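With my numbering as the guide, the letters of the sequence shown map in order to residues 109 to 429. We put the CB at the ideal spot given by N, CA and C, even for glycine. From a predicted model like this one, the values you see are computed outputs, not experimental measurements. Okay, structure first, notes after.
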Amino acid sequence: MAVSELEVVDRPQGDDHPPRGAASTLLHRLVDPFARGELPPPVPPVGFYTDTTVCIGCKACEVACKQWNQLPADDFRWTGNSYDNTETLSASSWRHVKFVEQFDGSLPLQPDDGGATARPLSIGDLTGGGPAHASRWLMMSDVCKHCVAAPCQHACPTGAILYNEYANVYIQPDICNGCAYCIAACPFGVITRSTIDGLAHKCTLCYDRQRDGLVPACAKACPTASIQFGPIDELRERARKRVAELQGVGVAGAYVYGDEPTEHYSALNSFYLLVDRPAVYGLPASPVNPWLFMVGDYARTALAGLLTLAAFLAAVLLAGP
Ligand code: SF4
Ligand code: SF4
Ligand code: SF4
């Protein structure tokens, strides 16, 4: 792990409320509600690098997330979608492991070469042992991407969504009013509204655990280190080395998704090593920040307002006394 985990008992214990006299206590009670707290010291941005090639689909990450965050089970039903019965991310499932079955025997080795080098791809390609059989499962543990410029944060009218000191995108449930603007803005379909409290919820990147020096629960539980947590620069370097390693053993289609900004989207602080097209994993090939295309909407709205005002004034003036 890039960030070593501290045992809680080893951490220095601060005293939140040093003893004060009666007058000082009264003064603090009057002033404290209006006082701004001290900014936390700056730390390097942290996030996730998820190496999908070593995910075994055990769903320990999903369970650990539910357990740590005390999220309710969604349902117990047989979806018929591979062996994945938790289906999707939601307000009560902040992690979801996708099972992508590829058993059609026509898997292209190079996803974006127009099929020029298409040939059946097997699990043998991933291990460097050559094609053993023309089928495979792709497993990917999906989560909020903690976008560097997050459209959900831009869209939130109440300021409930913020970037915390770790550069993670965090929803403050006590400020969210459940308007769902963030849901429409997210190009990854991450956020939904809870059927229990009507508010938007998603992965917090275990802010509470990070504050206590602990690794996020999902990364801690992953037995194969598919989910790696740490400073973004370090993770990016690690992902690139892994891509080179995979390509060196013949997995030509390995690449990192989301580690760099594109023309219409920022970099992601939770990025993925993939071996097939993004769409195969249910990810947009070119995510778009709706914010970039809203200047025209604002201009049209302002123009419509001005025209309405002009028409109103004209009607009043022409009507006379
Ligand atoms: S993935 Fe969606 S919910 Fe997560 S930070 Fe980005 S826009 Fe927001
Ligand atoms: S970081 Fe925490 S909240 Fe986010 S998916 Fe992992 S366990 Fe859940
Ligand atoms: S815990 Fe790790 S190996 Fe298991 S499903 Fe999650 S990411 Fe995959």
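Q) In angstroms, rounded to a whole number, what distance separates the CA positions of R385 and P149? A) For this step, residue 385 is matched to residue 277 along the sequence shown. For this step, residue 149 is matched to residue 41 along the sequence shown. Straight-line Cα distance between these residues: approximately 39 Å.
Q. Under the three-state reduction of DSSP, which class applies to F184: helix, strand or coil?
A. Here residue 184 corresponds to residue number 76 of the sequence shown, with the count starting at 1. DSSP places F184 in the coil class of the three-state scheme, outside both helix and strand.
Q: Could you name each continuous beta strand (DSSP E) segment of 3 residues or more that falls completely within the stretch 244–316, going from the start of the chain to the end?
A: 244–250, 269–271, 277–279
Q: Could you tell me the boundaries of the beta strand (DSSP E) in which F211 lies?
A: Your numbering for residue 211 matches position 103 in the sequence shown. Taken as a continuous stretch (DSSP letters only), F211 belongs to no beta strand (DSSP E), as it is neither H nor E.
Q.
Looking at C284: is its Cβ nearer than 8 Å to the Cβ of L313?
A. For the purposes of this step, residue 284 is taken as the residue at position 176 of the sequence shown. For the purposes of this step, residue 313 is taken as the residue at position 205 of the sequence shown. No, the pair does not count as a contact, with Cβ atoms beyond the cut-off.
Q: With a threshold of 7 Å, establish whether the CB of A172 neighbours any heavy atom of ligand 2.
A: Within the sequence shown, the letter at position 64 stands for residue 172. Yes.
Q: Could you name the residues of the same chain whose beta carbon sits closer than 8 Å to that of R317, not counting the 5 residues immediately before and after it, in chain order?
A: Residue mapping note: residue 317 aligns to position 209 of the sequence shown, counting from 1. Hits under 8 Å: W176, V323, P324, A325.
Q.
As a quick exercise: from V151, F142, D140, R137, pick the residue whose alpha carbon is nearest that of I340.
A. One-based indexing of the sequence shown puts residue 340 at position 232. Closest option to I340, Cα to Cα, is V151.
Q | Nearest-angstrom Cα separation, counted from D320 out to R203 | A | Within the sequence shown, the letter at position 95 stands for residue 203. Within the sequence shown, the letter at position 212 stands for residue 320. Taking the straight line joining both Cα atoms gives about 21 Å.
Q. Where does T133 sit, in a helix, a strand or coil, going by DSSP?
A. Working through the sequence shown from its first residue, we reach residue 133 at position 25. If DSSP states are grouped into helix, strand and coil, T133 belongs with the helices.
Q | Other residues of its chain near R344: CB distance less than 6 Å, five sequence neighbours each side excluded | A | One-based indexing of the sequence shown puts residue 344 at position 236. D367, listed in sequence order.
(Q) What I want to know is whether the C-beta of S334 ends up closer than 7 Å to one or more non-hydrogen atoms of ligand 5. (A) Ligand 5 is not among the ligands present in this structure, which contains only ligand 1, ligand 2 and ligand 3.
Q: Please work out which residues of its chain come closer than 6 Å, Cβ to Cβ, to A258, disregarding the five sequence neighbours upstream and downstream, and give them in chain order.
A: Along the sequence shown, read from residue 1 onward, the residue named residue 258 stands at position 150. Contacts found: V277.
Q) In or out: A131 buried (at least 16 other Cβ within 10 Å) or exposed? A) Residue 131 sits at position 23 when you count from the first residue of the sequence shown. Exposed is the call here.
Q: Identify which residue in A327, V298, L270 has its Cα closest to the Cα of K167.
A: Numbered from 1 along the sequence shown, position 59 holds the residue referred to as residue 167. Closest by alpha carbon: A327.
Q) Can you pull every residue whose C-beta falls closer than 7 Å to some heavy atom of ligand 1, listed in chain order? A) Counting only residues whose CB is nearer than 7 Å to a non-hydrogen atom of ligand 1, the list in chain order is C252, K253, H254, C255, A258, P259, C260, Q261, V277, C290, A293, C294, P295, F296, V298, I299, K310.
Q: Look up P339 in the DSSP assignment and say whether it is helix, strand or coil.
A: Residue numbering aside, residue 339 sits at position 231 when the sequence shown is read from its first letter. Note: P339 maps to strand in three-state DSSP.
Q: Take Y191 and list the residues in its own chain whose beta-carbon comes closer than 8 Å to its own, dropping the five residues that flank it on each side.
A: Stepping through the sequence shown from its first residue, residue 191 is reached at position 83. If we look at Y191 and ignore the five residues flanking it on each side, its Cβ neighbours are G165, F207.
Q.
Could you tell me the alpha carbon to alpha carbon distance between R244 and F211, rounded to whole angstroms?
A. The residue labelled residue 244 in the question sits at position 136 within the sequence shown. The residue labelled residue 211 in the question sits at position 103 within the sequence shown. Between R244 and F211, the C-alpha separation is close to 6 Å.
Q) Alpha carbon to alpha carbon, what distance is there between V139 and Q280? A) For the purposes of this step, residue 280 is identified with residue 172 of the sequence shown, where counting begins at 1. For the purposes of this step, residue 139 is identified with residue 31 of the sequence shown, where counting begins at 1. When rounded, the distance between both Cα atoms is 23 Å.
Q.
Given a cut-off of 8 Å on the beta-carbon distance, is the pair V383 and T158 in contact?
A. Stepping through the sequence shown from its first residue, residue 383 is reached at position 275. Stepping through the sequence shown from its first residue, residue 158 is reached at position 50. No, the Cβ-Cβ distance between V383 and T158 is not below 8 Å.
Q.
Can you tell me whether W202 sits near ligand 2, meaning its C-beta is under 7 Å from at least one heavy atom of the ligand?
A. Indexing the sequence shown from 1 puts residue 202 at position 94. Yes - ligand 2 has a heavy atom lying nearer than 7 Å to the Cβ of W202.
(Q) Helix, strand or coil for C163? Go by DSSP, reduced to three states. (A) Within the sequence shown, numbered from 1, the residue matching residue 163 stands at position 55. Coil, per DSSP.
Q | Straight-line Cα distance separating K349 from S230 | A | Looking up residue 230 in the sequence shown gives position 122. Looking up residue 349 in the sequence shown gives position 241. Residue confidence is low: S230 scores 48 on pLDDT, short of 50, so the model does not pin down where it sits. Its coordinate-derived value is still stated next. Straight-line Cα distance between these residues: approximately 22 Å.
**Q.** Coarse secondary structure for A226, derived from DSSP in three states
**A.** Against the sequence shown, residue 226 aligns to sequence position 118. With a pLDDT of only 44 at A226, under 50, the local geometry of the prediction cannot be trusted, and no value is derived from it.
**Q.** Identity of the residues DSSP links to Y363 by a beta bridge
**A.** Here residue 363 refers to the residue found at position 255 when the sequence shown is read from its first residue. DSSP output for Y363 lists L382 as bridge partner(s).
Q.
Using CA atoms only, rank isn't needed, just tell me which of C294, Y274, T370, G390 is closest to L147.
A. Counting from 1 along the sequence shown, the entry for residue 147 is found at position 39. Cα-wise, what sits closest to L147 is Y274.
Q. Using a Cβ-Cβ cut-off of 6 Å (strictly less than) and excluding sequence neighbours within five positions of L376, which residues of its own chain qualify?
A. Your numbering for residue 376 matches position 268 in the sequence shown. Cβ within range, chain order: K253, C255, G366.
Q: State yes or no: is the C-beta of L381 within less than 8 Å of the C-beta of A407?
A: The sequence position of residue 381 within the sequence shown is 273, counting from 1. The sequence position of residue 407 within the sequence shown is 299, counting from 1. Against a cut-off of 8 Å, the Cβ pair of A407 and L381 comes out as no contact.
Q: With a cut-off of 8 Å on the beta carbons, I'd call V251 and C311 a contact; round off their distance for me.
A: For this step, residue 251 is matched to residue 143 along the sequence shown. For this step, residue 311 is matched to residue 203 along the sequence shown. The Cβ separation is near 5 Å, so the contact holds.
(Q) Would you say the beta carbon of P265 is closer than 7 Å to some non-hydrogen atom of ligand 2? (A) Looking up residue 265 in the sequence shown gives position 157. Checking every heavy atom of ligand 2 against the Cβ of P265, none is found closer than 7 Å.
Q. Are the CB atoms of D96 and S198 nearer to each other than 8 Å?
A. Given a span of 109 to 429 for the chain in the structure shown, any question on residue 96 remains unanswerable.
Q.
Less than 7 Å between C-beta atoms, sequence neighbours within five positions excluded: which residues of the same chain meet that for E442?
A. One cannot answer for residue 442 here, as it falls past the ends of the chain, which runs 109 to 429.
Q. Cα separation between C330 and A172?
A. Walking along the sequence shown from the start, residue 330 turns up at place 222. Walking along the sequence shown from the start, residue 172 turns up at place 64. Taking the straight line from one Cα to the other gives about 9 Å.
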